[in-house]
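So the sequences go chain by chain: A and S. Counting in numbering that gives the first Met the number 0, the first sequence runs from 0 upward without gaps. Counting in numbering that gives the first Met the number 0, the second sequence runs from 0 upward without gaps. Beta carbons: idealized from backbone N, C-alpha and C, even for Gly. Data first, discussion second: the structure below is written as structure tokens.
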Amino acid sequence: MISYLVRRFLLMLLTLAGISVIIFALLRIVPGNIADILADAAGFVNPAEKAKLEADLGLDKPVAVQYAAWIGGLARGDLGYSYVSEKPAKDEILPRIPITARLAGLALVFSIALGVPLGVVSAVRQNTGLDYALRLLSLSGLSMPAFWLGLLILMAFVAGTGTMPIYSEAPKSMLDSILMYAVPAAAVGFRSSALIMRLTRSSMLEVLRQDYIRTARSKGASENAINYHHALRNAALPVITVIGIEAAFLVGGLIVTETVFNIPGVARFLVEAIRWRDYPIVQNLVMFIAVVVVLVNFAVDMLYAALDPRIKYSD
Amino acid sequence: MNGNHRSRAASLALLCALFLTGPASAQKQGGVLRMYHRDSPASASIHEEATYSTVIPFMGVFNNLVMYRQDAAQNSLSSIVPDLAASWTWNAANNRLTFKLREGVKWHDGKPFSAKDVKCTFDMLMDKSSAKFRKNPRKTWYENVTEVTTNGDFEATFNLKRPQPALLALLASGYTPVYPCHVSPAEMRTRPIGTGPFKFVEFKTNESIKVTRNPDYWKKGRPYLDGIEYTIIPNRSTAILAFIAGKFDMTFPTEVSIPLLKDVKSQAPKAVCEVAPTNVNANLIVNRDTPPFDHPDVRKAMELALDRKAFVGILFEGQADIGGSMLPPPQGVWGLPPEILRTIPGYGPDVARNRDEARSLMRKAGYGPDKPLKIKVSTRNIPVYRDPAVILIDQLKQIYIDAELDVVETANWFSKVARKDYSVGLNLTGNAVDDPDQGFYENYACGSERNYTNYCNRDLEKLFDRQSMESDLDKRRKLVWEIDKRLQEDVARPIIYHFRAGTCWQPYVKGVTIMVNSSYNGYRYEDVWLDR
């Protein structure tokens, strides 16, 4: 097991190293840099000012030197300075992580709390009116674009209550926080819950046809015990995989929700940073998201073993 | 106007300003104005930016030497009032402009303001000091200034190469605040210090900007507001909905498009909304060095193909203006009057006849229905550029030009245009000040960085100088009309339309004046108050 963990850790490092090269190269391939963007509003590019700015920011150095400087800084915990705000990148990135984490966490809770039980109900009541209604609900969740759903929710709030659940100031208490994030979390969690619901349903349907379920039933086990203890536990593996993927996606993929609900989180900040070609912010944020994705995948793999005793990790 | 007259005019203006800024019982003190901001500006340093995304939240942090009256909708030389300068005088030759400065003014960090700060600011703008801006987009505004000198702590003089009465127009812009000597440009980008009615509190990138009342403001009794909070909401739908829901007291100025205005009026009928020109125009840029556009007939045919009314009808529901390079009257001070505009080829009402003429010019140049001219129309990949470019492509088809849309990332647009790596493009040009001294030199002078089409007419440039030196406003206006007419006839950069946009505020917000010929000069907000 230990050697598996060591191997897995080294593989993670290798993956992150590969990602760092890809991010770095892609950013340099995209035409234009911060100097071009800053000059944009002025309506012209002054070559002397541009050259000076590039030299000040170290953008005139060979690409390999720039890469080495970034990775060296990263290893020392120095993320550099934002080209735009001129503040330390760490100070710009760190306050935004809890915001996105709260939103993503709440969205994930919402999608699991809604998706798993409804998926089970839909499978157990297969081909009934309830099943059709739930399938329709899940289909609508998958097909509705997040920005459209978000705007619909906002419009409904304005029309119905005269207020609007958008982020305007950092919440001061836990309750404030839940109230502020609940609506956007529901908007983004709806899509995830639809996915989880469909997967839970199909996985449950497969398990419910197995011999051991029939055996449990013939031994007189209650329907609840069969559905939630025997069937769901065995049907959970693919669902956990999807939940893991969704969790990783939610960290960096909330751009639409953060934009519509005006939440100053990681995803919106990343898109803005890409627009400004703010390399230190983009590189470090993408690396952070990559680390989260790699760690979540690792956690999911470990969870497999915890849920299914037949799975053992060894050399 | 000679120096004495100017001095008297300045004194009169000062009296007017004192009268206007005197105590008024109706206004209420207190409250924080909540406004959304359309995007996160690159920095807080007005001098280093060329967008009103910076000017709007930070203009109130500063003072200028002089400024446009904040309660007058139209900016003009006659609406300029003293600010940090208590008065000004010109010498007899009109090439030395001396400002007497206010005494007892303090920067927000408590240090005293003096003439040294004025010199420092303009030395940096003219690139003469050791402290450098990261960007200096308006350096060309001061090309006629040889140096700024001081006489004691409260007198500063601008020494000019030649007379330029309109220098005051540039100094009055929201783009021309006075910066403190003792604060570095880098600090001014992140924590600006000024002498203005509002002190900087914080700027959280992509989140918010906050300014608070300066209790030691030299203008007693101002500002009325306790502060202004700008929440950055780049999504326009969310921002407008939030305004309708009452989360904001005011929209971001000139950010409500004409179609959106209908939504606001229907969902928030009590909101006060004003539509005004922004002094931004859409124009056709043609690379006159690249064949076949080096042929004057082809350029003229393109100008004749334009149906400006169609652009205005489709994009603005009829609410935009048609004119030359200067903003048209009555809002514009210098724009061509309709009777002259009508006489310029392409501006007449008979579009069909114009296009017949355009087609015959194209046939003369070797093109026709069986042999169309294939081109790309380049433009920035944002809707305000892209939408008119699509209409332009459709109109060019009428004269045997088969155009394809070439959308360019914002990051690459101006470098592409500067390299002249385009044949035909659609561009937007914003003017900070409604004065020919700004627009003519920037956009049409030989060798100017913003002269995208490389139009160069030395004879006309002599007229640029003549109008700039002319102190008689009527004579100057006639010269400006002559220049503008020539620019349009020469197809230097055909102007398609001048934008209009809306601003809305809740009925309890008072003292807001939307300027009708500039989007850069009316955001001091020291006279704004909340009646609730």
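CB residue i to CB residue j, shorter than 7 Å?
i: Ser-139/A; j: Gly-188/A; result: no
i: Ala-122/A; j: Leu-204/A; result: yes
i: Pro-184/S; j: Ala-130/S; result: yes
i: Ile-392/S; j: Val-376/S; result: yes
i: Val-31/S; j: Asp-349/S; result: no
i: Lys-134/S; j: Leu-37/A; result: yes
i: Ser-52/S; j: Arg-68/S; result: no
i: Glu-302/S; j: Val-490/S; result: yes
i: Thr-211/S; j: Lys-198/S; result: yes
i: Trp-217/S; j: Val-104/S; result: yes
i: Glu-481/S; j: Arg-475/S; result: no
i: Gly-76/A; j: Ala-88/A; result: no
i: Ser-137/A; j: Arg-232/A; result: no
Taking CB distances under 7 Å as the criterion, tell me whether residue i reaches chain S.
i: Ser-176/A; result: no
i: Pro-30/A; result: yes
i: Met-143/A; result: no
i: Gly-42/A; result: yes
i: Leu-153/A; result: yes
i: Asn-261/A; result: yes
i: Glu-257/A; result: no
i: Lys-96/A; result: According to the sequence shown, residue 96/A is Ile rather than Lys. Cβ-Cβ to chain S under 7 Å: no for Ile-96/A.
i: Ser-167/A; result: yes
i: Leu-294/A; result: no
i: Val-83/A; result: yes
Put residue i into one of helix, strand or coil per three-state DSSP.
i: Val-64/A; result: helix
i: Asp-152/S; result: coil
i: Phe-577/S; result: For residue 577/S there is no data in the structure shown, the boundaries of chain S being 0 and 531.
i: Ser-128/S; result: coil
i: Tyr-131/A; result: helix
i: Lys-198/S; result: strand
i: Gly-21/S; result: Low confidence applies here, because Gly-21/S scores a pLDDT of 46, under 50, leaving its location unreliable and the question unanswered by this model.
i: Met-0/A; result: coil
i: Leu-249/A; result: helix
i: Met-34/S; result: strand
i: Met-514/S; result: coil
i: Trp-528/S; result: strand
i: Ala-9/S; result: Residue placement at Ala-9/S cannot be trusted, given a pLDDT of 48 that sits under 50; what the coordinates show is reported in the next sentence. Residue state, collapsed to three classes: helix.
i: Val-104/S; result: coil
i: Lys-134/S; result: coil
At what residues does the alpha helix (DSSP H) containing residue i begin and finish?
i: Ala-402/S; result: Counting along the chain, Ala-402/S falls outside any alpha helix (DSSP H), though it belongs to the beta strand (DSSP E) covering 400-407.
i: Val-383/S; result: 382-395
i: Trp-89/S; result: Unbroken run through Trp-89/S is the beta strand (DSSP E), 84-89; no alpha helix (DSSP H).
i: Pro-81/S; result: That residue, Pro-81/S, is in no alpha helix (DSSP H); its beta strand (DSSP E) goes 79-81.
i: Met-154/A; result: 145-160
i: Leu-105/A; result: 95-123
i: Leu-169/S; result: 166-170
i: Thr-230/S; result: Run containing Thr-230/S: none in the alpha helix (DSSP H); it sits in the beta strand (DSSP E), 226-231.
Following the continuous beta strand (DSSP E) through residue i, name the residue where it begins and the one where it ends.
i: Tyr-496/S; result: 494-504
i: Asn-283/A; result: From DSSP, Asn-283/A is part of no beta strand (DSSP E) but of the alpha helix (DSSP H) over 278-306.
i: Arg-532/S; result: There is simply no residue 532/S to check, as chain S begins at 0 and stops at 531 in what is shown.
i: Thr-378/S; result: 372-379
i: Phe-98/S; result: 95-100
Does residue i get closer than 7 Å to chain A when you measure Cβ to Cβ?
i: Ile-55/S; result: no
i: Glu-570/S; result: The requested residue 570/S does not occur in the structure, where chain S is confined to residues 0 to 531.
i: Asn-411/S; result: yes
i: Ile-243/S; result: yes
i: Ala-114/S; result: no
i: Pro-184/S; result: no
i: Glu-142/S; result: no
i: Gly-21/S; result: Model confidence at Gly-21/S stands at a pLDDT of 46, short of 50, so the residue's coordinates are unreliable; what they give is reported in the following sentence. Answer no: the Cβ-Cβ gap between Gly-21/S and chain A never drops below 7 Å.
i: Asn-380/S; result: no
i: Lys-134/S; result: yes
i: Asp-288/S; result: no
i: Ile-232/S; result: yes
- Message: At 3 residues or longer, what runs of the beta strand (DSSP E) sit wholly inside the segment 251-300 of chain S?
- Response: 271-285
- Message: Extract the residue ranges of the alpha helix (DSSP H) inside the segment 438-499 of chain S, only unbroken runs of 4 or more that lie entirely within it.
- Response: 457-468 and 472-488
- Message: I'd like the ranges of any alpha helix (DSSP H) spanning at least 4 consecutive residues and lying wholly in the segment 300-375 of chain S.
- Response: 307-315, 337-340 and 350-363
- Query: Which parts of the segment 39-71 of chain S are runs of the beta strand (DSSP E), unbroken and 3 residues or longer, counting only runs that do not cross its ends?
  - Reply: Counting whole runs of 3 or more residues, the segment 39-71 of chain S contains the beta strand (DSSP E) stretches 65-67.
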